[in-house]
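Heads up: the structure comes next, in structure tokens.
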Amino acid sequence: MKIRSDIIRMYRDIHSWVGIVCGLALFIAFYAGAITMFETPLQRWASPPVQFDRPTPLEKTPELVERVLAEYPEAAGRYEIVLQTSPERPARMSWSTGPRGGGTTYFANLGEDGTLQVNSEGPSAVGQLVDDLHRQVGLPFDHEISESIMGTVSLLYFIALVSGVIVLLPTLVKDLFILRIGKNLKRLWLDFHNALGLFSLPFHIIMALTAVVFAFHHQFYDAQRATLGGGGRPPAEAHAEVPDGAEALSPLAIIARLEEQAPAFRPATLQYHFEEEHGLELRVGGVNPRYGMRGSTMGFAGVDPYSGALTMTGYMPGEQDGWFATVTSFFALHFGNFGGNPVRWGYFILGLAGAVLFYTGNLLWIETHRKKRRKGYEDREVRQTRAAKVLGALTVGISLGCVAGISLTIAAAKLLPQWVDNVAGWHFGLYYAVFLSAIAWAFVRGAARGSVELLYASAAATLAIPFTSLVSAVVPGLGWNHGGSTYLIDLVAVAGVFALVALARKTAQRIRSAPEESIWFAGRTVRGAAKDTGPVGVSSTA
Amino acid sequence: MSTQKLTSRNWFGKASAGAIPGFALSLALCGLFARFGPGEVGFFSAQAQVTMWLMSPLWACILSFCFLFQSGARAWLWLGGANVVLWGLLYGSALPVG
């Protein structure tokens, strides 16, 4: 395809600059996002065993609710019943204090002797931390400011996608199926970056456009209402008159009624919400394996708590009209919650590939920037510019700091509850301690040496994940293992260790043979050794 | 049209045009979708949600392609002009959409 060369050049500049501005934030968002694909097994892996002797039988739930509401009247506004308890959903009933559940979450169960057991030791906080990193890359600002920043990053990310494709178009047919493995390592990286970007383009377009909405939907709604009309409060939902003395149905009865009305829907949670003005409301969370879902792991159905009749099916997988199904598809495409495990793995790999895309993009920028500056000044001493050095260190420090930090804070999940009180705070602190030290380390040691050392550090931190599982298995009273799908976490971590060690070794080879002006140059020139440095023939044209 | 070569040097004028009149233009296009198409503007009906979602691809595309204007001034002029036409159409046809 022919495109005017000035357009190509302009978009190449734009691609470099928006890439540089948002690449590192996107690395964190994608790496953490890939991990959230296995949120449920990770949460189970990281959460302590259920504290209660055994879950309250479902048929006794009304008694449990009654007892809790008598002793903890503040729970009446909003509480949740879990139909299948597990380490990450430890109790039959739970509720949160504070506005919109922002405070402490309490869990309640009935003991076998009928005593009410309540505690606030919930599932691990590590899942929430990874999710926060995914959504706000750990920006230390107010939620709204972080969201606007991430929305802007997402817009820039879309511009980077468009400009990258435009730049690639003229040579697309020639370049697409080529990986030039040879003398020119930068060419190899560029081919790799292009192939990765182009083959995962639909995924990236989806992520960019949905993330813009996730960040800016308030602003979009407000702007549309202000300029296009249609404002005002929504019409009050029609609530059927509740006859005096009517009793809410028991959870078992609700399940039975749902089974009649939507047999393919598998309910998982019953969320009750009570306000004076509209009485008791019930939202049932659940899945239908044949459909994508509005929430990351669940869809929702509005149910009349007194009759069990479906009142709102807009977000209920399998029961939606075309418009709601369309809206849901945007969410499902972002969350990858359709198609079961194959799609989850696909999203996991695409997410990691996205992180690699941004990492390679940054390194390409640095090398190109250096070459450009050199053009016409070949006689002068070739040195890295300060900008390239800083960006090199930032790229290595932030990316690997994020990898190592997430690994270490996950590994700590099985040990922290035994040693400290503020588990969530410790998870947060551990992540940031590793993350910030890695950045500092990359600056002190330089991008080249720093990257090898930080890759080994990341491998060690990741190895700590299966190691804590192993220690939990052999040392009595320390940690736990829940078996089942949680072994997946340990296995993926082991695979990650191998990948990180391989990368570390490869990078070490590279810096031994890098030319002086490359960011991979580590201070010693051993060009004679370049010949036997491995299969790709790493040589002096970095 | 002059045949002046495009460059990334005057990016700020073009990008700001993509951001500001570009945003207003996306709004107007959503308005057309609601006014003359099946969309809605309002609270949480699915149609209103789709209308809101449209903002994202529209604005992102305008932001991506606004660099094809010769200069920042032209970008502001064209995008601003398109706004005048579309908003005129919207407010002229019926007030307000809903």
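Those protein sequences? They're chains A and B, same order as listed.
717 is the number that the numbering used here gives the last residue of the first sequence; the numbers go up by one with no jumps.
105 is the number that the numbering used here gives the last residue of the second sequence; the numbers go up by one with no jumps.
Ideal Cβ positions, reconstructed from N, Cα and C, are used throughout, including at glycine.
Which residues in chain B have a C-beta closer than 7 Å to the C-beta of residue i? List them in chain order.
i: A:Arg-400; result: Val-48
i: A:Phe-395; result: Met-59, Met-62
i: A:Leu-330; result: Ala-67, Leu-70
i: A:His-392; result: Met-59
i: A:Gly-489; result: Ala-53
Who are the neighbours of residue i on chain A, taking C-beta pairs under 7 Å?
i: B:Ser-15; result: Met-185, Asp-188, Ile-189
i: B:Val-57; result: Trp-498, Thr-501, Val-502
i: B:Gln-54; result: Trp-498
i: B:Ala-41; result: Leu-403
Contact check, residue i vs residue j under 8 Å by CB: the rounded distance?
i: A:Phe-447; j: A:Pro-480; result: Here the sequence assigns Tyr to residue 447 of chain A, which means Phe is not the residue at that position. That pair is a contact at about 7 Å.
i: A:Gly-483; j: A:Ala-428; result: 6 Å
i: A:Thr-570; j: A:Ala-613; result: So it is not a contact: roughly 11 Å between Cβ atoms.
i: A:Gln-218; j: A:Pro-298; result: 6 Å
i: A:Tyr-631; j: A:Ser-574; result: Not really, about 15 Å apart at Cβ, beyond 8 Å.
i: A:Val-312; j: A:Ala-200; result: 5 Å
i: A:Val-627; j: A:Gly-580; result: Not confirmed; about 18 Å, so no contact.
i: A:Leu-331; j: A:Val-193; result: 4 Å
i: A:Arg-267; j: A:Asn-284; result: 6 Å
i: B:Leu-13; j: A:Ile-182; result: 6 Å
i: B:Leu-86; j: B:Leu-39; result: Contact doesn't hold; Cβ gap of about 16 Å is too wide.
i: B:Ala-41; j: A:Phe-499; result: About 17 Å separates the two Cβ atoms, so there is no contact after all.
i: A:Thr-272; j: A:Glu-249; result: 6 Å
Taking only the alpha-carbon atoms, compute the straight-line gap between residue i and residue j and give it to the nearest angstrom.
i: A:Gly-339; j: A:Asp-350; result: 14 Å
i: A:Leu-244; j: A:Gly-252; result: 10 Å
i: A:Ser-693; j: A:Asn-537; result: 14 Å
i: A:Ile-203; j: A:Gln-399; result: 32 Å
i: A:Thr-256; j: A:Pro-223; result: Correcting the residue type first, residue 256 of chain A is Ile in the shown sequence and not Thr. Each residue's Cα considered, the two are about 20 Å apart.
i: A:Ala-562; j: A:Arg-620; result: 16 Å
i: B:Ala-82; j: B:Gly-29; result: 9 Å
i: A:Arg-702; j: A:Arg-687; result: With a pLDDT of 40 at A:Arg-702, under the threshold of 50, the modelled position of this residue cannot be trusted; read the value that follows with caution. Answer to the nearest angstrom: the Cα atoms are 8 Å apart.
i: A:His-602; j: A:Thr-584; result: 5 Å
i: A:Leu-258; j: A:Gly-474; result: 15 Å
i: A:Gly-658; j: A:Thr-501; result: 38 Å
i: A:Gly-477; j: A:Ala-683; result: 57 Å
i: B:Gly-20; j: B:Val-57; result: 31 Å
i: A:Arg-264; j: B:Met-62; result: 37 Å
i: B:Ala-26; j: A:Glu-456; result: 42 Å
i: A:Gly-515; j: A:Gly-286; result: 36 Å
i: A:Thr-700; j: A:Gly-278; result: Since pLDDT at A:Thr-700 reaches only 41, below the 50 mark, its modelled position is unreliable, and the value read off the structure follows with that caveat. Looking at the two C-alpha atoms, the distance is approximately 58 Å.
i: A:Ala-568; j: A:Ala-679; result: 16 Å
i: B:Asn-46; j: A:His-318; result: Here residue 46 of chain B is Gly; the residue named in the question, Asn, does not match the sequence. Between B:Gly-46 and A:His-318, the C-alpha separation is close to 30 Å.
i: A:Trp-220; j: A:Ala-443; result: 20 Å
i: A:Pro-710; j: A:Val-598; result: The predicted position of A:Pro-710 is uncertain, since its pLDDT is 37 and thus under 50; a value taken from the coordinates is nonetheless stated next. A:Pro-710 and A:Val-598: Cα-Cα distance of roughly 46 Å.
i: B:Val-104; j: B:Trp-66; result: Bear in mind that a pLDDT of 47 at B:Val-104, under 50, signals an unreliable position, so the number given afterwards is only what the model happens to contain. Cα-Cα distance, rounded: 20 Å.
i: A:Arg-179; j: A:Val-301; result: 50 Å
i: A:Val-518; j: A:Asn-512; result: 8 Å
i: A:Leu-376; j: A:Val-578; result: 24 Å
i: A:Trp-520; j: A:Thr-472; result: 15 Å
i: A:Leu-566; j: B:Met-59; result: 37 Å
Any idea which residues DSSP pairs residue i with across the strands?
i: A:Glu-296; result: Paired residues: none, contrary to the question.
i: A:Ile-223; result: Checking the displayed sequence, the identity of residue 223 of chain A turns out to be Pro instead of Ile. BP columns for A:Pro-223 are empty, so no partner.
i: A:Arg-458; result: A:Gln-446, A:Gly-477
i: A:Trp-270; result: A:Tyr-281
i: A:Val-243; result: In DSSP, A:Val-243 forms no bridge with anything.
i: A:Glu-255; result: A:Ser-269, A:Gln-446
i: A:Met-487; result: A:Gly-477
i: A:Arg-264; result: A:Ser-261
i: A:Arg-519; result: Note: A:Arg-519 sits in no beta bridge, so no partner.
i: A:Arg-441; result: A:Val-462
i: A:Leu-291; result: A:Leu-285
Along chain A, in chain order, which residues have C-beta atoms closer than 8 Å to that of residue i?
i: B:Ser-100; result: The contacting residues do not exist; B:Ser-100 stays about 12 Å from chain A at best.
i: B:Leu-34; result: Ala-398, Gln-399, Thr-402, Leu-403
Find the residues of chain D that neighbour residue i, judging by a C-beta separation of less than 9 Å, and give them in chain order.
i: A:Val-387; result: Although the question refers to chain D, the structure presented lacks it and instead comprises the protein chains A and B.
Taking Cβ-Cβ distances shorter than 9 Å, what residues in chain A pair up with residue i?
i: B:Phe-74; result: Ile-182, Met-185, Tyr-186, Ile-189, Ile-334, Ser-338
So residue i contacts chain B; which residues on that side make the cut at Cβ distance below 8 Å?
i: A:Ala-383; result: Ala-67
Within the chosen definition, does the stretch 334-348 of chain A reach the stretch 385-401 of chain A through at least 3 CB pairs nearer than 8 Å? no
State whether the stretch 88-96 of chain B contacts the stretch 64-80 of chain B, with contact taken as three or more CB pairs (one from each stretch) at a distance under 8 Å. no
Stretch pair the stretch 204-219 of chain A + the stretch 516-530 of chain A: three plus CB contacts closer than 8 Å: yes
Would you call the stretch 631-651 of chain A in contact with the stretch 664-678 of chain A, where contact means no fewer than 3 C-beta pairs closer than 8 Å? yes
Are the stretch 177-189 of chain A and the stretch 67-76 of chain B touching by the rule of at least three beta carbon pairs closer than 8 Å? yes
Taking 8 Å as the cut-off, does the stretch 603-618 of chain A touch the stretch 669-678 of chain A (at least 3 CB pairs, one atom from each stretch)? no
Should the stretch 373-385 of chain A be called in touch with the stretch 504-513 of chain A, which here means at least 3 C-beta pairs below 8 Å? yes
Three or more beta-carbon pairs under 8 Å between the stretch 487-503 of chain A and the stretch 459-473 of chain A, yes or no? yes
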